[in-house]
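The block underneath contains the structure these notes are about, expressed in structure tokens.
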Amino acid sequence: MSIAPAVSDWFVANGRDLPWRRPGFTAWGTLVSEFMLQQTPVVRVVPRLEEWLERWPTPADLAAASPGDAVRAWASLGYPRRALNLHAAAVAITERHGGIVPEDVPSLLALPGIGDYTARAVAVFAYGHRHPVVDVNIRRVLARAVRGVGEPGPASKRDLAEMEAILPESIADARTANAAVMELGAVVCTARSPRCEVCPIADACAWRLAGYPAFEGRRAPVQKKFPGSDRQVRGLILAELRASEVPVTAGEIELVWAIEEQRERALAGLLVDGLVVDVGGAFELPS
DNA sequence: CACGCGTGGCT
DNA sequence: TAGCCAAGCGT
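Residue numbers (UniProt numbering): 1 to 287.
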């Protein structure tokens, strides 16, 4: 028996009131929210999403801005390549799709920064199509409730089939089930301290029924330490450029990180990514 | 498939 | 406190 009906009933009664669940929320708003939610927590996304959509209410509005404006407005959301990708997606939507966010999965997948998760999330949540949507929350719920193991392990192509197997036939019910299982993983069946005492499917959970066995399988890769990493240096350099209205000199960049080899590697990476441009020996965000 | 990629809050 | 974790994507 599928866990979907019980989780969906729980979701309808207990789901959080989030901006992208408001009636009339646009497909563009959904797309922007999904970009922001790629590895950034909901609580940090909500206020930034409102600002973003007020400033750029349509894809054409963002496409008309400079990529540097997008990168600057992205500050504190993390992984700024997403800002560049979102801007590039807005340009593509404006040029190739008449300014309308496409609704079929292949067209969405063809946009920069959109992968298996985001393409299906937009097709399902913005347009009501029937697809399995698989994020880490859903993979964790399926691992525990269905397979009886404590952790989801690395993401794989099989994940979509596993979600499809429990997805209701009805288009509307499938949409609710996708949102519901995701929500359960986000607020109840959490990674660290699952709240089984309030879980609507605790009695059916294979992991719980097995006595919470320790995870034996292959683990998802662990994120590398941040302090002292190239990522930190990149972040510091980019923060410097965001804060400046004029190009930043190489001498000023030297002040943000003392180790030359690492500083040069970070700057070179930012240039390759297009997050920074060289304007005659000084550096600025792309215009 | 494993890795690199920000930022900040939580335990 | 030092990890752990967060609605992933591209290579």
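We put the beta carbon where it would ideally sit given N, CA and C, even for glycine. Here the structure is a predicted model, which means the values were calculated and not measured.
With contacts defined as CB atoms closer than 8 Å, Trp-207 and Gly-150 qualify as a contacting pair. The count of Cβ pairs closer than 8 Å, one atom from the segment 241-250 and one from the segment 47-58, stays below three, leaving the stretches out of contact.
The C-beta distance from Val-141 to Cys-189 rounds to 5 Å, short enough to meet the 8 Å contact threshold. Taking a cut-off of 8 Å for Cβ pairs, the segment 127-134 and the segment 43-51 do not touch, as fewer than three such pairs fall below it. Secondary-structure assignment with DSSP links Glu-284 through a beta bridge to Val-277.
Counted as a single uninterrupted DSSP element, the stretch harbouring Pro-168 is not any alpha helix (DSSP H), since DSSP gives it neither H nor E.
Straight through space, the alpha carbons of Arg-139 and Leu-267 are spaced by roughly 36 Å.
Inter-residue distance for Asp-104 and Ser-287 is about 31 Å (C-alpha atoms, whole angstroms).
Contact check for Phe-35 against Glu-183 fails: the beta carbons are separated by 8 Å or more. The beta carbons of Pro-152 and Pro-221 sit about 12 Å from each other, so the pair does not count as a contact at 8 Å. Per DSSP, reduced to three states, the secondary structure at Thr-30 is helical. Annotation for Glu-164: Pro-132 place their beta carbon closer than 6 Å to its own, counting only its chain and skipping 5 residues before and after. Within the segment 140-198, the complete alpha helix (DSSP H) segments at least 4 residues long are 158-164 and 171-187, listed from N- to C-terminus. In the three-state reduction of the DSSP assignment, Val-233 falls in the helix class. Counting only residues of its own chain and dropping the five nearest sequence neighbours on each side, Gly-217 has a CB closer than 8 Å to the CB of Val-149, Glu-151 and Gly-153. Ala-180 is positioned such that its CB atom lies no closer than 8 Å to that of Asn-137.
Contact annotation, Thr-30 with Gly-78: C-beta distance approximately 20 Å; criterion of less than 8 Å not satisfied.
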